[in-house]
Amino acid sequence: MAAEAVAAVKKGTEADASFQPRIVAFCCNFCAYAAADLAGSMRLNYPPNARVIRLPCSGKIEILYLLRAIEDGADGVMVMGCLDGDCHFLNGNYRAKKRVAAAKKLLEEVGIEPERVEMYNLSSAMASKFAEMIADMTEKVRRLGPSPLGTGVAK
Amino acid sequence: MIVGERKSVTEILEMTKGYDRIFVAGCGTCVTVCLAGGEKEVSVLSSLLKINGKKQGHEVKVVEGTIERQCEREWVGEMKDKVRDAEAVLSMACGIGVQLVAEMYPEKPVLPALNTTLMGFPTQHAIWLENCRACGDCILHLTGGICPVTRCAKQLMNGPCGGSQNGKCEVDSQTDCAWALIYYKLKAMDRLDWMSKIQPPKRWDIAGHSGPRKTVKEEEVVP
Ligand code: SF4
Ligand code: SF4
């Protein structure tokens with residue numbers, strides 16, 4: 016892609032529809048992963064861009080995991096946890112939210128768009144919401160364009 | 037414990053500018069427990085340095101290593117290979133550790149990644165309160181175990197001052213008045229008589245106001 020095109024995409028003025036962002040989705044076991052499972056059983060369609068990694072709880076997310084994903088070339092990273100107040104481990108999702116916010120700040124300081132990392136909340140019954148969220152993030156990252164570190168995400 | 041917090045990444049990037057081989061050195065004691073400069077924080081900072089390098093199109097070689105303590109020669113000696121291979125050492129220890137590493141490897145730039153903020157204990161997970169300023173002449177036995185040198189804004193030895201309001205300090209309404217704390221503590225202990233004893237002025241010379249202090253345990257010093 017030409018440099019000007021990348022710049023245009025970054026400004027969010029247009030998204031390159033052919034760009035397939037690589038997204039890492041950290042999913043908590045009890046809500047997000049269960050919702051993903053249900054989405055599969057229901058044969059829901061959603062973009063194939065997200066690679067799901069299961070966490071025992073979204074509270075297990077570490078700032079380091081988010082940074083490493085970006086460092087290794089992911090274009091976007093999602094942390095998906097239970098709904099506010101509904102965490103299986105009471106407050107893991109609140110911890111996750113704070114860490115996502117902290118990681119965004121750190122990334123901004125090294126010149127990476129903070130929007131490449133986002134937190135999402137859903138319940139285990141929200142299969143279609145899961146599909147929507149993946150689509151939403153895929154679209155957001157598509158608008159941002161490829162990560163400046165885009166060397167290909169770890170398989 | 038000694039508590040520190042990481043400097044802003046922007047400040048660290050400024051400090052490390054121009055170095056392509058950096059050893060990020062953690063300390064496994066106080067700053068690990070206060071979540072500022074242990075193994076985990078070393079990994080986070082290293083990742084940020086690498087992301088920043090890659091973004092600018094050049095690979096920064098970052099080596100991570102956390103030793104037990106950066107304030108003791110034996111441990112700092114163990115870092116020698118990693119120090120030798122690096123252009124600069126980015127130490128995540130408190131100021132004491134940074135200084136010892138700098139002293140032991142005089143040919144290398146040793147950069148502080150943390151600000152050393154206080155000596156204290158956590159009041160809850162991830163919040164630390166300053167408790168001691170190492171004044172050199174502890175008076176906790178007279179104050180119910182609450183330190184006025186640290187916790188009274190005026191460092192009064194015979195408090196409270198006239199500004200103590202509903203248990204809060206006049207300097208900052210969010211901060212407990214140390215002398216109110218002392219009063220209630222002594223009252224509960226039935227030792228309010230300790231408070232009516234006038235304390236003589238403190239010796240500030242031994243509190244660090246006349247240059248660096250030295251502690252010697254004579255019988256253990258190797259001749
Ligand atoms: S009186 Fe001095 S030594 Fe004792 S806790 Fe306070 S500052 Fe520390
Ligand atoms: S209000 Fe209490 S803590 Fe504050 S300066 Fe006065 S005596 Fe010290």
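Protein sequence lines correspond, in order, to chains Z and F.
This note's numbering runs 15 ahead of the 1-based position in the first sequence.
This note's numbering runs 36 ahead of the 1-based position in the second sequence.
For each residue, glycine too, the CB sits at the ideal point set by N, CA and C.
Only a predicted model underlies this, so the values are computations on that prediction, with no experimental measurement involved.
Any idea if residue i is buried or exposed, counting beta-carbon neighbours within 10 angstroms, 16 or more meaning buried?
{"i": "Ser232(F)", "result": "exposed"}
{"i": "Gly113(F)", "result": "exposed"}
{"i": "Gln106(F)", "result": "buried"}
{"i": "Phe157(F)", "result": "exposed"}
{"i": "Gly160(Z)", "result": "buried"}
{"i": "Gly133(F)", "result": "buried"}
{"i": "Lys253(F)", "result": "exposed"}
{"i": "Val24(Z)", "result": "Note that Val24(Z) scores 48 on pLDDT, short of 50, meaning its location in the model is unreliable; the coordinates nonetheless yield the value given after this. Buried: at least 16 other Cβ atoms inside 10 Å."}
{"i": "Thr46(F)", "result": "exposed"}
{"i": "Val80(F)", "result": "buried"}
{"i": "Pro257(F)", "result": "Per the sequence shown, residue 257(F) should be read as Val rather than Pro. It counts as exposed."}
{"i": "Asn60(Z)", "result": "exposed"}
{"i": "Glu139(F)", "result": "exposed"}
{"i": "Ala117(Z)", "result": "exposed"}
{"i": "Leu126(F)", "result": "buried"}
{"i": "Asn202(F)", "result": "exposed"}
{"i": "Ser33(Z)", "result": "exposed"}
{"i": "Arg114(Z)", "result": "buried"}
{"i": "Lys112(Z)", "result": "buried"}
{"i": "Ile234(F)", "result": "exposed"}
{"i": "Thr159(F)", "result": "exposed"}
{"i": "Thr152(F)", "result": "buried"}
{"i": "Ile242(F)", "result": "exposed"}
{"i": "Met152(Z)", "result": "buried"}
{"i": "Pro259(F)", "result": "exposed"}
{"i": "Ser162(Z)", "result": "buried"}
{"i": "Glu143(F)", "result": "exposed"}
{"i": "Glu255(F)", "result": "exposed"}
{"i": "Ala140(Z)", "result": "exposed"}
{"i": "Arg42(F)", "result": "buried"}
{"i": "Gly244(F)", "result": "exposed"}
{"i": "Ser44(F)", "result": "exposed"}
{"i": "Leu176(F)", "result": "exposed"}
{"i": "Pro236(F)", "result": "exposed"}
{"i": "Ile171(Z)", "result": "What the structure shows of chain Z is the stretch from 16 to 170, and residue 171(Z) is not part of that stretch, so it cannot be assessed."}
Here's a check: name, in chain order, each residue in its chain whose Cβ is nearer than 7 Å to the Cβ of residue i, leaving out the five neighbours to either side.
{"i": "Leu222(F)", "result": "Gly180, Leu228, Trp230 and Met231"}
{"i": "Val146(F)", "result": "Val125, Ser127, Val134, Val137 and Ala138"}
{"i": "Gly40(F)", "result": "Val67, Cys70, Ala72, Gly73, Cys130, Leu150, Asn151, Thr152 and Thr153"}
{"i": "Ala216(F)", "result": "Pro196, Ser200 and Gly203"}
{"i": "Gly64(F)", "result": "Gly74, Thr102, Ile103, Glu104 and Arg105"}
In the DSSP output, what is residue i paired with across the bridge?
{"i": "Ser127(F)", "result": "Ala61(F) and Pro148(F)"}
{"i": "Ala40(Z)", "result": "Val67(Z) and Met93(Z)"}
{"i": "Cys72(Z)", "result": "Note: Cys72(Z) sits in no beta bridge, so no partner."}
{"i": "Cys174(F)", "result": "Looking at the DSSP assignment, Cys174(F) forms no beta bridge with any residue, so it has no partner."}
{"i": "Tyr61(Z)", "result": "Its beta-bridge partners do not exist; DSSP assigns none."}
{"i": "Asp212(F)", "result": "Lys204(F)"}
{"i": "Thr153(F)", "result": "The partner list for Thr153(F) (beta bridge, DSSP) is empty, contrary to what the question assumes."}
{"i": "Ser160(F)", "result": "One point to set straight first is that residue 160(F) is Gln, not Ser, in the sequence displayed. Note: Gln160(F) sits in a beta bridge opposite Ile163(F)."}
{"i": "Gly181(F)", "result": "Answer is none; Gly181(F) lacks a bridge partner."}
{"i": "Ile149(Z)", "result": "Answer is none; Ile149(Z) lacks a bridge partner."}
{"i": "Gly101(F)", "result": "Ala61(F)"}
{"i": "Tyr135(Z)", "result": "Met95(Z)"}
{"i": "Ile38(F)", "result": "Met155(F)"}
Excluding five sequence neighbours on each side, which residues of the same chain lie with their C-beta closer than 6 Å to the C-beta of residue i?
{"i": "Lys75(Z)", "result": "none"}
{"i": "Phe41(Z)", "result": "Ile68, Leu70, Ile76 and Val94"}
{"i": "Gln191(F)", "result": "Val185"}
{"i": "Arg157(Z)", "result": "Ala30, Phe34 and Pro36"}
{"i": "Met148(Z)", "result": "Tyr135"}
{"i": "Val39(Z)", "result": "Arg66, Ala84, Ala89 and Val92"}
{"i": "Tyr141(F)", "result": "Val119"}
{"i": "Ile38(F)", "result": "Cys66, Cys130 and Met155"}
{"i": "Asn108(Z)", "result": "Ser73, Gly96, Cys97 and Cys102"}
{"i": "Gly62(F)", "result": "Gly73, Gly74, Glu75, Val78, Thr102 and Met128"}
{"i": "Cys205(F)", "result": "Ala189, Thr211 and Cys213"}
{"i": "Arg110(Z)", "result": "Gly74"}
{"i": "Tyr48(Z)", "result": "Cys42 and Arg69"}
Skipping 5 residues on each side, what residues in its chain have a beta carbon closer than 8 Å to that of residue i?
{"i": "Asp121(F)", "result": "Arg57, Phe59 and Val99"}
{"i": "His94(F)", "result": "Asp56"}
{"i": "Asn106(Z)", "result": "Gly74"}
{"i": "Ala150(Z)", "result": "Tyr61 and Pro62"}
The region 78–96 of chain Z: positions lying closer than 7 Å to chain F by Cβ:
Shown in chain order are the members of the region 78–96 of chain Z whose Cβ falls below 7 Å from a Cβ of chain F: Ile78, Leu79, Leu82, Arg83, Ile85 and Glu86.
Residues with a Cβ closer than 6 Å to any heavy atom of ligand 1, in chain order?
Every residue passing the under-6 Å Cβ criterion appears here: Cys168(F), Arg169(F), Ala170(F), Cys171(F), Cys174(F), Ile175(F), Leu176(F), Cys183(F), Val185(F) and Thr186(F).
Residues of the region 119–142 of chain Z whose Cβ lies closer than 8 Å to any Cβ of chain F, in chain order
Of all residues in the region 119–142 of chain Z, Leu121, Leu122, Glu124, Val125, Gly126 and Ile127 have a Cβ within less than 8 Å of some Cβ in chain F.
As a quick check of your reading: which residues have a C-beta less than 6 Å from at least one non-hydrogen atom of ligand 2, in chain order?
Selection output, chain order preserved: Cys188(F), Ala189(F), Lys190(F), Leu192(F), Gly195(F), Pro196(F), Cys197(F), Gly199(F), Ser200(F), Cys205(F), Glu206(F), Val207(F), Cys213(F), Ala214(F) and Trp215(F).
What residues from the region 40–66 of chain Z come within 9 Å of chain F, judged by C-beta to C-beta, listed N to C?
Under the 9 Å Cβ criterion, the region 40–66 of chain Z contributes no residue.
If contact means a Cβ-Cβ distance below 7 Å, which residues of the region 142–167 of chain Z contact chain F?
Those would be Pro163 and Leu164, in chain order.
Near-chain Z residues of the region 78–89 of chain F (beta-carbon distance less than 7 Å), N- to C-terminal order
Against chain Z - using a Cβ distance shorter than 7 Å - the residues of the region 78–89 of chain F are Ser79, Val80, Ser83, Leu84, Lys86, Ile87 and Asn88.
Pull out every residue of the region 43–71 of chain F whose Cβ sits closer than 8 Å to any Cβ of chain Z, in chain order.
Listed in sequence order: Ser44, Val45, Thr46 and Leu49.
What residues from the region 90–104 of chain F come within 7 Å of chain Z, judged by C-beta to C-beta, listed N to C?
Within the region 90–104 of chain F, the qualifying residues are Lys90 and Lys91.
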